[in-house]
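Sequence lines, in order, name chains A and B. FYI, the numbering for the first sequence is 1393 to 1529, going by the working numbering. FYI, the numbering for the second sequence is 1393 to 1529, going by the working numbering. Even for Gly, the Cβ is constructed at its ideal location relative to N, Cα and C.
2 protein chains.
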Amino acid sequence: MKPTHIEHIGIAVSSLEEAIPYYEMVLGLKCYSIEEVADQKVRTAFFMVGQTKIELLESTDPEGTISKFIEKRGEGIHHLAFAVGNIEESLSELSLAGVKLIDQSPRKGAEGLSIAFLHPKSTFGVLTELCEDKNKK
Amino acid sequence: MKPTHIEHIGIAVSSLEEAIPYYEMVLGLKCYSIEEVADQKVRTAFFMVGQTKIELLESTDPEGTISKFIEKRGEGIHHLAFAVGNIEESLSELSLAGVKLIDQSPRKGAEGLSIAFLHPKSTFGVLTELCEDKNKK
């Protein structure tokens, strides 16, 4: 596989309402979308910086992964997402290379992207996501 | 301030020698530079993905910040760096907005960039770096 760019950086926050003003008024970025992803038990807020999105993640469930992450490590960077041209092919290659996949096949993520996560045990501690925008084809 | 793009993502690893083959052979990225930054007590390895660099950080000192980070949290994403047009101006604006600065004025980072860090207590848990490439002017 060969990622084309960093699609987004996922950042866990306790409250979108508190974090958005920092990103908008202090960093000067514009929040262009707020979306709930029920499947992942999160509400997300998106900002564009060059080619890359910042995706703030607020948990909608105290038992969700973002709640657990914040409980254990505090707010902060949660995952790194690469844009790839063909997510199924990329997952096959990674699996063959011995990378442990959280998602064996792609599922639907925020913004209608096809996404899949790799296990941080196989990626030197970085929770890694692959994204393909099938709407662009 | 208004960052133009994500300049790089800093990732703490125990060993560059072990992590580089994963980034090169599994993710398909090319390591184009390895550099020691004595000031920060790290050896760094750089990979380009679209507009953004991945900067792997290996500690050269058991008392350094990267050693401490890995000891506490394990390997993983360490910081997020925004490219800005004028780093002195950006730091003044952030300081006025009440953001706690780790570096009150810019210092020299890897690749000859002018860099400064913001305190994660002011940035919703994200250790944030600003970078200006003064060689580009």
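Cα-Cα separation between residue i and residue j, rounded to whole angstroms
| i | j | result |
| --- | --- | --- |
| L1505/B | D1525/B | 5 Å |
| V1456/B | Q1432/B | Val is not the amino acid found at residue 1456/B; the sequence shown has Gly there. Answer to the nearest angstrom: the Cα atoms are 8 Å apart. |
| K1528/B | E1399/B | 14 Å |
| K1500/A | T1436/B | 35 Å |
| P1512/B | E1467/A | 9 Å |
| T1452/B | A1430/A | 43 Å |
| V1434/A | E1428/A | 6 Å |
| T1396/A | M1417/B | 16 Å |
| F1509/B | I1479/B | 11 Å |
| L1421/A | P1498/B | 22 Å |
Contacts of residue i in chain B (Cβ-Cβ under 9 Å)
| i | result |
| --- | --- |
| G1456/A | Those within 9 Å of G1456/A in chain B number zero; the least Cβ separation is about 17 Å. |
| P1373/A | Here chain A covers residues 1393 to 1529 and nothing more, so residue 1373/A does not appear. |
| I1357/A | Nothing about residue 1357/A can be reported from this structure: the residues present for chain A run from 1393 to 1529 only. |
| V1434/A | Within chain B, no residue comes near V1434/A; the closest Cβ sits about 15 Å away, beyond 9 Å. |
Closer than 7 Å at the beta carbon, the chain A residues around residue i
| i | result |
| --- | --- |
| A1508/B | Near A1508/B there are no residues of chain A at all, since even the closest Cβ is about 14 Å away, more than 7 Å. |
Under 8 Å from the C-beta of residue i: neighbouring residues of chain B
| i | result |
| --- | --- |
| H1397/A | V1441, G1442, Q1443 and T1444 |
| F1474/A | L1419 and V1441 |
Buried versus exposed call for residue i [16 or more other C-beta atoms within 10 Å across all chains shown]
| i | result |
| --- | --- |
| Y1415/A | buried |
| E1447/A | buried |
| E1450/B | buried |
| S1425/A | exposed |
| K1445/B | buried |
| G1490/B | exposed |
| I1507/B | buried |
Amino acids of chain B, ordered along the chain, whose beta-carbon sits closer than 7 Å to that of residue i
| i | result |
| --- | --- |
| L1517/A | Strictly speaking, residue 1517/A in this sequence is Gly, with Leu absent from that position. Simply G1466, E1467 and G1468. |
| K1394/A | G1420 |
Residues that residue i contacts on chain A, provided the C-beta gap is smaller than 8 Å
| i | result |
| --- | --- |
| A1489/B | M1417 and V1418 |
| L1486/B | V1418 |
| A1437/B | Within chain A, no residue comes near A1437/B; the closest Cβ sits about 12 Å away, beyond 8 Å. |
| A1411/B | F1516 |
Partners in chain A for residue i, counting only beta-carbon separations shorter than 9 Å
| i | result |
| --- | --- |
| I1403/B | L1472, F1516, G1517 and V1518 |
Subject >> Touch test, the region 1468-1486 of chain B against the region 1508-1522 of chain B, Cβ-Cβ under 8 Å, three pairs minimum >> reply: yes
Original post:
What are the complete alpha helix (DSSP H) segments, minimum 4 residues, inside the region 1404-1487 of chain B?
Top reply: 1408-1413 and 1457-1465
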